[in-house]
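See below for the structure under consideration.
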Amino acid sequence: MYRVNKAFQKLVYIDRPHDPNTVDTMQRIINYFKSNAMFLLIMTALLGYLAYQRLPLYLNDRRLIDQPAIDFELGSDHSAERLSNLQGRKVLLVFWATWCAVCEREIPALKESYAELKDADFELLAITNEDSVRVAPYIERHAMDYPIVYDADGRISYAYGVQALPTMVWIDAEGVVEDIGHGMEFALTRKLRYWVTGSIFSDN
Numbered sequence: 001m002y003r004v005n006k007a008f009q010k011l012v013y014i015d016r017p018h019d020p021n022t023v024d025t026m027q028r029i030i031n032y033f034k035s036n037a038m039f040l041l042i043m044t045a046l047l048g049y050l051a052y053q054r055l056p057l058y059l060n061d062r063r064l065i066d067q068p069a070i071d072f073e074l075g076s077d078h079s080a081e082r083l084s085n086l087q088g089r090k091v092l093l094v095f096w097a098t099w100c101a102v103c104e105r106e107i108p109a110l111k112e113s114y115a116e117l118k119d120a121d122f123e124l125l126a127i128t129n130e131d132s133v134r135v136a137p138y139i140e141r142h143a144m145d146y147p148i149v150y151d152a153d154g155r156i157s158y159a160y161g162v163q164a165l166p167t168m169v170w171i172d173a174e175g176v177v178e179d180i181g182h183g184m185e186f187a188l189t190r191k192l193r194y195w196v197t198g199s200i201f202s203d204n
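Note that the sequence shown covers residues 1 to 204 in the working numbering.
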């Protein structure tokens with residue numbers, strides 16, 4: 001820090017050697033860094049750790065984005081037998097679980113969006129690896145009226161590299177993965193409306 005101090009002083013005196021305000025300002029900056037060095041070091045380490053933790057998510061997303069969506073069976077309670085049968089419609093895959101608090105908070109937005117957009121070439125598939133017996137009361141309690149896909153053996157989650165819940169996979173009408181999101185989506189209803197219709201405003 002002594003060397004930094006001297007370097008700043010040399011810089012100041014070379015540029016404006018007779019301006020005490022400049023010297024005072026630079027000294028304040030040096031004192032700030034001296035007194036907050038440990039805090040800045042901890043914050044830098046924390047941000048680095050968080051970036052490292054999210055690296056697998058980022059690498060997995062890069063693997064899938066701009067690639068054809070991995071196909072899978074939807075289940076006997078849906079009219080389409082496979083995801084690929086939905087080409088021509090934009091599809092949002094939502095990986096979720098009953099124990100996921102963020103997933104629960106997003107249910108109202110998903111319900112609103114599905115009711116508004118289901119007749120506008122849009123499909124929403126909520127995918128869970130929990131069994132139907134456990135999930136059924138939860139679905140009834142939250143009045144989840146959009147399609148639920150049961151991924152009991154975890155094959156779909158594995159194929160899409162799901163490591164955090166909720167995970168949302170945005171698939172365009174050509175069946176290509178457009179984007180992947182993790183955690184709480186800000187302004188989800190408007191984002192979905194714009195994605196499907198090109199407008200953030202509802203017709204209703």
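Glycine included, each C-beta is placed from N, C-alpha and C at the ideal position.
Quick caveat, the model's predicted, so the values are computed rather than measured.
Asked, Found
"Local Cβ density within 10 Å of phenylalanine 39, reported as buried at 16 or more and exposed below that", "exposed"
"Proximity to glycine 183 [Cα-Cα], best of Ala164, Leu92 and Ile200", "Ala164"
"Whole-number beta carbon distance between glutamine 87 and alanine 159, since they are thought to touch under 8 Å", "Rounded, the Cβ-Cβ distance is 18 Å, inconsistent with contact."
"For aspartate 179, the three-state DSSP class (helix, strand or coil)", "strand"
"CA-to-CA distance, isoleucine 42 to phenylalanine 95, given in whole angstroms", "34 Å"
"Contact check, isoleucine 180 vs aspartate 66, beta carbons under 8 Å", "no"
"C-beta contact flag for glutamate 106 and glutamate 178 at 8 Å", "no"
"Through-space distance from leucine 117 to leucine 188, alpha-carbon basis", "13 Å"
"Length-filtered (3 minimum) beta strand (DSSP E) runs lying within the segment 68 to 125", "90 to 95"
"Beta-carbon spacing of lysine 111, tyrosine 146 below 8 Å", "yes"
"For glycine 154 and glutamate 104, the rounded distance between their alpha carbons", "20 Å"
"Rounded separation between threonine 98 and tyrosine 138 - CA only", "7 Å"
"For methionine 38, three-class secondary structure by DSSP", "helix"
"Glutamate 73 versus Ala101, Ala152, Val102 and Gly161, residue with shortest Cα-Cα distance", "Ala152"
"Buried/exposed call for glutamate 123, threshold 16 Cβ in 10 Å", "buried"
"Selection from Arg193, Ile29, Thr128 and Arg141 that minimises the alpha carbon distance to cysteine 100", "Thr128"
"Endpoints, the beta strand (DSSP E) within which isoleucine 156 is located", "Segment 155 to 159 is the alpha helix (DSSP H) holding isoleucine 156; no beta strand (DSSP E) there."
"Reduced DSSP category for tyrosine 150 - H, G, I as helix; E, B as strand; rest coil", "strand"
"8 Å Cβ cutoff met for serine 84 and glycine 161", "no"
"Limits of the unbroken beta strand (DSSP E) element including isoleucine 139", "Run containing isoleucine 139: none in the beta strand (DSSP E); it sits in the alpha helix (DSSP H), 132 to 142."
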